[in-house]
Structure formats: C-alpha cells, structure tokens
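Visitor: To start, I am sharing the structure in question, which I have written as structure tokens.
Chains as they are written, first to last, in my numbering: chain A, 609 to 946; chain B, 7 to 294.
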C-alpha cells in the first residue's frame, strides 16, 4: 500500500517536471523577443541587453531552467516583465476566483451527471435517454465561449434574471477579501444577501463550463453503468429483497465508478488549468485573463509559473484519484503485488 | 375429499398454469403447474433455452424488464407473486424465498466485503437488527466458513467458498423455499459434491423446499426425490425421481436417460440423439 502510493507520488513529481521542461522550451523556441515586447519599439540596444541580463535571458536554456526551478521552490517568483508587478501578487489575486469557479463547476456537474446516469439506466427510459444524448451532443459539440455568449444573451439580456458579464459580485456589495473565494468570504463577513448574489453570479459561468464536462461525464458513467447493471451481482442483490434502485445505487454504481473517477480527475485538472475563454466572456477576475495577456507579451516570468502551477494541480488531482481508487477497488492492490 | 393442505400445511411453492414470455415473442414457458411441499427437493432439468432459468426468475419476481408472467399464479407460501405489489414481492425475496444463482464469482459484488453482502440480506428485511456481526458470523459458521471470512473480498476466496457465501446469503433469513439455478456449474466435481451436500443439509435442517435447476441428470438422481423435465417451455415430465429415471413417459426424458446410460455403459459408438418430436403430435402448441 505504502509502496504503491509512494511510487505513484514519485511518478506525479516526474510528470510535473516533464511538463514544465516541455513548456519552458516550447515557449522560448517560439518566435518573439520578450525584451522588445516589454520595453517597446524605441528601446536602445543597451537597454535591451540590460533587460536580458537582469532576467537571465542571455544565459543558456538549462541555466535559465535551473534558475527558474530554484526560484520557484524558494518562493521567489520574480516580477512580471509587462506590468512590473510581483508574480506572487498577480497569482494571489487571480487564482482564488478561478479555483472557486472550477471547483463549484466540478461538484455541480459530477453530482448532476451521477444522478442522471443512475436514473436513466436503472430502468429503461427511452425519452430520458434521448434527452441526455441530445444534451451530450450539444455539450460536446458547441464551443464553451459560444454557449457562454448565448446564455448571457438569453438569461441576462432578453430575460434579465441572472447577471451576465459582471464578474463575481455586484458593485453594490462590498466584502473584505480574506480567502479570495467569494462564497467563503461573503459567509465569513456574515453577509447573506452578498452570498446569494455571489451564487447568482456563479450560475451562468458554471453552466457554460459545466455543459461540456457534464456531457463527457454522463456518457462515460452511463456506458459503464449499462455494462455493470446487467451483471449477476445486481440481480443477486435484488434477490436479497432490496429494491432495484438500491441494488443499482449500492452495487452497480460502485462498480461503475472507476472509469468515472479517472474521467473526473482529468476533468477537474482541466478545469483548474484553464477556463480562459469562459472567464473572458463573464469578465471573471481569474487567471485566464492574466494568462492571455502574458502569453501575448511573452511574459516568461508569469507563464512559466502558471505552467508549473497548473501542471501541479493536474498531477495532484490525478494522484488523489489514484489513491481514492485504492479505496474503491481493493483488487488494484492485488494486481500491483503480482 | 382429503384436504391435502390440512395435512402438509401450505405448500412452499405452487404453480398454476404459469406462462411466461419476453416482449412480443411466443411463450418461453407455457402452462406449467406443480406443487412443492416444504421439506421436499425437486430437480428441474432440461437443455439450454428450455425455459428453466426463466421459470426460476419468474418465481422470484425478477424477470428482466421485457419479460412478464402472461398467465397463471405463482404461490409462495400461499401468497401470489404474480398479482401482489412490488413492495410485497420485495418482502418475500431473500426472506421467504432465497435464490442461489449460477456462478458465485459473478453473483457476489467484487468490491464489497463478504460480511457486508451477507448483512445486506439481513437488513433488507430487518433494518434495525442488533448485533449484525454476530448474525453474519453465525451465517458463515452455518456454511462451514470462519467468522474472519466476513472481512474478505470475494476475490480472496476460492470458488467453493464463494458459493458457500451465496448459500449463506440465501439461507440467512430461514426461507421456506430455496431456488438454486445451476449452483455448481462453475465448480470442479469434488467441490461440487461438497457444496451440494452442504446445500442439501442446510435446506433439510430448515424444513425448506429446494428447487434445483440444472442440466445435470446425475445431480438430480442423487439428491432430489422429485424430478421435473422441461422441454421447449413445457413441463413434459413430473414425478418421483426413481420413476422418471426408470420409466420415463416422454420421448425427451427417454433420450436424456439413455444418454446418461450410454456414457456409463460406454459400449455405444455414439450417443443417442432426439430425432424428431413435436408438441403438435400431442396436440396444440404455439408455433416455435
């Protein structure tokens, strides 16, 4: 058990390192001069050379990478080339809104997908099958930013029931920032109307981000449940006298959970790593906006850190999934020991 | 007229003209009737697809969604499974009637501990049972397993042990009727004999009725006092096992018995086969 987990952890660390190396090289090989981008067209050659020397850009790639890794782990993330702001501050302000959006989307879609997959498979229901299939096609086919625009148009413009591209909270509310997570901060401030307002601001972005995720998860879980539901142990559970629903929930769902878990891990990783376009549509103060700006400016200091952070989030989530799978399926350990 | 029920009590199982079918197809089981008293053992034999497993599922009220009992009554301990509500059926399942289904390696949930799966059968009918662990330990002991086996997952047990667990689950609420559908096909011959001995002993102990569904004539000959033979959805033979084996009425039974003799004698070059026999010759059947 311990050896299994430590092996997985080692693999996780290696993948983070690999991802950061690849991103580091690719971003530097791509054309464009960060010094010129930062200092503008009228900067002199001396100024450019000085900028490169200050930011170690005149050194070899391995030396630059080594310096980056050392600084990353010591917490010295440097300054943005473009704005001159501390990178730690930039991420400190923008990470929380992104994580909040990603995690709320994740919880809502996983719960909804699980419930719908169960309801639509434990007994054959053709109309529900068709509805879910239709929703899944739309979800997988339509680009998220377009879905976002349509939702804003319908629910914020035509029927003005929900806030559209207005960020996390109406300007009329003012809540002190403690954690950066708006739902948590409003509750900490004891301001229930603001909490409600924060929720209404989450609805459309969550629906936009969640549609594709929901479509993906519900299809995986449904396929898995349909396969498991025919197995004898579900029938055997019914033969004990429990209802079909209970037999399905207890036995089929548990057995269908493994592919769902893996898929959930991938999805949560993706949500954390990038909700860029959706953030733009809803004017969400997350890392998406910061990142698009920084890539345009070839702002290495910001992008490198972002790659490192998102790779860590992605790998960490999947590492957690590996550990949770051990709890779900005791046979994995036995397979490993063979 | 002699009142049979007054002498034997309510029969564990009584089928009256039961017909079962799937979707819009012809009957898979047609007008079967028989009565099984408590404490008796009947073997239902027949080839694959003759409807014997469908019959077992119908008695449990667990036909697949496209299957239905089209006519007749299935009385378990006097209560009609066909007409009662699903909620009442659930109260009988696993309680008054237990099912042991084919291969225990697939009828146990691979992700749940054995003890949990036995406990599920108890709490399904008595949710507030106290000392559930003691009951589980007792149930395991009853089938010759250790109380510690409750902590095992199915994949940690042998095939024979798994089938013992399945028997423990079927018997834990002391049912009046046990249906065993090919309970030993996945086991080797020695284990098969042990498991069947155990099943027979535990069922007899409880004065329950046993309905053993199998294609193995030898198993029925050894262990069941009654034999029913199913052929193409019909019960073509019913009676004391000794009579059915020595003096079969139906050509199919005759062929079946000859087959097993041929194996034992082994002086025949080839096994005898059914050449042709049709229900129509005895009058009336759905087109198959």
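Don't be surprised by glycine CBs; every beta carbon is placed ideally from N, CA and C.
(1) Could you check how far apart the C-beta atoms of residue 890 (chain A) and residue 812 (chain A) are, in whole angstroms? I think they sit under 8 Å.
(2) Note down the Cα distance separating residue 259 (chain B) from residue 85 (chain B), rounded to an integer number of angstroms.
(3) Thinking residue 1004 (chain A) and residue 909 (chain A) are a contact (beta carbons under 8 Å), I'd like their distance in whole angstroms, please.
(4) Per DSSP, residue 25 (chain B) forms a beta bridge with which residues?
(5) Please confirm whether residue 846 (chain A) has its beta-carbon closer than 8 Å to some beta-carbon of chain B.
(6) As a quick exercise: from A:937, A:935, A:930, pick the residue whose alpha carbon is nearest that of residue 615 (chain A).
(7) Can you tell me which of the three DSSP states residue 685 (chain A) falls into?
(8) Where does residue 134 (chain B) fall in DSSP's three states?
(9) In angstroms, rounded to a whole number, what distance separates the CA positions of residue 755 (chain A) and residue 924 (chain A)?
(10) Would you list the one or two residues that DSSP bridges to residue 779 (chain A)?
(11) Under 7 Å, CB to CB, which of the residues in the region 615–641 of chain A have a partner in chain B?
(12) Roughly how many angstroms lie between the CA atoms of residue 849 (chain A) and residue 249 (chain B), to the nearest whole one?
(13) Going by C-alpha distance, which of B:239, B:241, B:240, B:218 is nearest residue 231 (chain B)?
(14) Along chain A, which residues have their Cβ under 7 Å away from the Cβ of residue 175 (chain B)?
(15) Count the CB pairs spanning the region 854–874 of chain A and the region 831–842 of chain A that are closer than 8 Å, and state whether there are at least three.
(16) By Cβ distance, which residues of its chain are closer than 6 Å to residue 656 (chain A), with the 5 residues on each side in sequence left out?
(17) Report yes if the CB atom of residue 227 (chain B) is closer than 8 Å to the CB atom of residue 197 (chain B), and no otherwise.
(18) If the cut is a Cβ gap below 7 Å, which residues of chain A does residue 100 (chain B) touch?
(19) Taking the C-alpha atoms as reference points, what is the distance between residue 679 (chain A) and residue 887 (chain A)?
(20) What are the boundary residues of the beta strand (DSSP E) that includes residue 3 (chain B)?
(21) Check each residue of the region 857–869 of chain A: if its Cβ is closer than 8 Å to any Cβ of chain B, include it; give the result in chain order.
(22) Who does residue 147 (chain B) pair with in a DSSP beta bridge?
(23) At 7 Å on the CB atoms, spell out the chain A contacts of residue 61 (chain B), in chain order.
(24) Taking the CB atoms as reference points, tell me whether residue 898 (chain A) and residue 702 (chain A) lie closer together than 8 Å.
(25) Hey, is the region 181–193 of chain B in contact with the region 23–31 of chain B, meaning 3+ C-beta pairs nearer than 8 Å?
(26) Counting only beta-carbon separations shorter than 8 Å, does residue 294 (chain B) have a partner in chain A?
(27) Which residues of chain B have a Cβ atom closer than 7 Å to the Cβ of residue 939 (chain A), listed in chain order?
(28) Under three-state DSSP, which class holds residue 54 (chain B)?
(29) Using only the alpha-carbon positions, how far apart do residue 66 (chain B) and residue 741 (chain A) sit?
(30) For the region 116–132 of chain B, enumerate the residues whose C-beta is nearer than 7 Å to any C-beta of chain A, in chain order.
(31) Look at the alpha carbon of residue 767 (chain A) and the alpha carbon of residue 778 (chain A), and state the distance between them as a whole number of angstroms.
(32) Would you please verify whether the beta carbon of residue 840 (chain A) is less than 8 Å from any beta carbon of chain B?
(33) Under 8 Å, Cβ to Cβ, is there at least one residue of chain B near residue 698 (chain A)?
(34) Pairing CB atoms from the region 90–105 of chain B with CB atoms from the region 169–189 of chain B, are three or more of them under 8 Å?
(35) DSSP three-state call for residue 166 (chain B): helix, strand or coil?
(36) Quick one: list the residues of chain B neighbouring residue 738 (chain A), beta-carbon separation under 9 Å, in chain order.
Guide: According to the data block:
(1) Confirmed, about 7 Å.
(2) Taking the straight line joining both Cα atoms gives about 32 Å.
(3) Within the shown structure, residues of chain A are numbered from 609 to 946, placing residue 1004 (chain A) beyond reach of any answer.
(4) According to DSSP, which records beta bridges pairwise, residue 25 (chain B) is partnered with B:77.
(5) The C-beta of residue 846 (chain A) comes closer than 8 Å to at least one C-beta of chain B.
(6) With respect to the C-alpha of residue 615 (chain A), the residue from A:937, A:935, A:930 having the closest C-alpha is A:930.
(7) Three-state result, residue 685 (chain A): coil.
(8) Correct three-state label for residue 134 (chain B): coil.
(9) Going from the Cα of residue 755 (chain A) to the Cα of residue 924 (chain A) covers about 30 Å.
(10) None; residue 779 (chain A) has no bridge partner.
(11) Only those residues of the region 615–641 of chain A whose C-beta falls short of 7 Å from the nearest C-beta of chain B would be listed, and there are none.
(12) Using only the alpha carbons, I get a separation of about 37 Å.
(13) Nearest to residue 231 (chain B) by alpha-carbon distance, out of B:239, B:241, B:240, B:218, is B:218.
(14) 848, listed in chain order.
(15) Under the Cβ criterion (8 Å, minimum of three pairs), the region 854–874 of chain A counts as touching the region 831–842 of chain A.
(16) Cβ within range, chain order: 643.
(17) Not a contact, by the Cβ cut-off of 8 Å.
(18) Under the 7 Å cutoff, chain A gives 847, 848, 849.
(19) Distance between the alpha carbons of residue 679 (chain A) and residue 887 (chain A): 29 Å.
(20) Past the boundaries of the shown model lies residue 3 (chain B); chain B is included only from 7 to 294, so the question cannot be answered.
(21) For the region 857–869 of chain A, which is checked against every Cβ of chain B, the residues closer than 8 Å are 858, 859, 862, 863.
(22) Looking at the DSSP assignment, residue 147 (chain B) forms no beta bridge with any residue, so it has no partner.
(23) Taking a Cβ-Cβ threshold of 7 Å, none of the residues of chain A is close to residue 61 (chain B); the smallest such distance is about 15 Å.
(24) In contact: residue 898 (chain A) and residue 702 (chain A) (Cβ atoms closer than 8 Å).
(25) The region 181–193 of chain B vs the region 23–31 of chain B: no contact.
(26) The predicted model places residue 294 (chain B) with a pLDDT of 41, which falls under 50 and marks its position as unreliable; any figure quoted below should be read in that light. Output row for residue 294 (chain B): interface = no.
(27) Residues of chain B with a Cβ closer than 7 Å to the Cβ of residue 939 (chain A) are, in chain order, 116, 161.
(28) Reduced to three states, the DSSP call for residue 54 (chain B) is coil.
(29) Answer to the nearest angstrom: the Cα atoms are 34 Å apart.
(30) Answer set for the region 116–132 of chain B: 116, 117, 126, 127, 130, 131.
(31) Between the alpha carbons of residue 767 (chain A) and residue 778 (chain A) lies a gap of roughly 18 Å.
(32) Closer than 8 Å: yes.
(33) Closer than 8 Å: no.
(34) Verdict: yes, contact present.
(35) The three-state reading of DSSP puts residue 166 (chain B) in helix, counting H, G and I together.
(36) Under a criterion of Cβ atoms nearer than 9 Å, no residue of chain B is adjacent to residue 738 (chain A); the nearest Cβ is some 18 Å distant.
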